[in-house]
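S.K.:
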Amino acid sequence: MRIFAVSGYSGTGKTTLIAALIEGLKKRGYSVSTVKSSMEDSMPPEGSDTWKHLKAGSEMSILQGPSSTTIRFKERISLSKTFQFYDSDFLLIEGMKGLVIPRFWCVGEGALEEAPPPGTVAVVAWKESGTTSNKMGVPVLLSDDLDSLVKVVEREALDVLSLVL
């Protein structure tokens, strides 16, 4: 499995880009999984069975529905511990600016005013922004150039076994 991130501030098109990359990679025959980093916890609804399990002290609770499975841990676990759940060609991560892995840095309609996080291989801007270059020396790609973006992911994504997380 190979790993690649899409990061940027709120409202810069990260989720839209992740969705487009998933579609682009799937069209090329790859399987794709994702991780979304969030500043908010997503807990089961209060009073639900899985909520009761976690509140009672279960370290992990698994909800198996008719067509999906939800795994919830009582606390945040390391990214590397989640790898056992993936059997995909690519793992795309939305967020996690502090993780040093290859990434796109989304600027949306804005300009690149500060150095992007370590691991940034390209800045992604919206076509309407007019951003085509920056003073940081990082290539700028437009969000609607999906073919080029997917090629960068194919070329730059790292094998998870080479990472120390």
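The sequence shown begins at -15 in the working numbering and counts up one residue at a time. From the three backbone atoms N, C-alpha and C, an ideal C-beta is built for every residue, glycine too.
1) Pull up the distance between the alpha-carbon of L63 and that of E93, whole angstroms please.
2) Quick check for students: name the residue ranges of the alpha helix (DSSP H) that lie wholly in the segment 72 to 115, counting only runs of 4 or more.
3) Would you list the residues sitting across from T54 in a DSSP beta bridge?
4) For E78, collect the residues of the same chain with a Cβ closer than 6 angstroms to its Cβ; drop the 5 residues on either side in sequence, then sort them by chain order.
5) Just to confirm my understanding: we take H37, look at its own chain, exclude 5 residues before and 5 after, and list those with CB closer than 8 angstroms. What are they?
6) Helix, strand or coil for D143? Go by DSSP, reduced to three states.
7) Looking at C-beta atoms only, is the number of pairs between the segment 123 to 140 and the segment 42 to 58 that lie closer than 8 angstroms three or more?
8) Using the DSSP secondary-structure output, state which residues sit across from T18 in a beta bridge.
9) Got a sec? Which residues, its chain only, sit under 7 angstroms from V84 by beta carbon, not counting five neighbours each side?
10) So G8 is in the alpha helix (DSSP H); what residue range does that whole segment cover?
11) Going by Cα to Cα distance, which pick from L142, V137, V108 is closest to Y(-7)?
M.R.: Answer, in terms of the structure:
1) Rounded to the nearest angstrom, the two C-alpha atoms are 30 angstroms apart.
2) The segment 72 to 115 contains no whole alpha helix (DSSP H) run of 4 or more residues.
3) Answer by DSSP bridge pairing, in chain order: L47.
4) Only V(-10), K(-2), I2, K20 meet the Cβ criterion.
5) Excluding positions up to five away in sequence, the list reads S45.
6) D143 carries a strand assignment under DSSP once its states are collapsed to helix, strand and coil.
7) These segments do not touch.
8) By DSSP's assignment, T18 forms a beta bridge with L76.
9) For V84, where only same-chain residues beyond five positions count, the Cβ hits under 7 angstroms are P102, G103.
10) Following the DSSP letters along the chain, one finds G8 inside the alpha helix (DSSP H) bounded by residues -2 to 11.
11) Nearest of L142, V137, V108 to Y(-7), Cα basis: V108.
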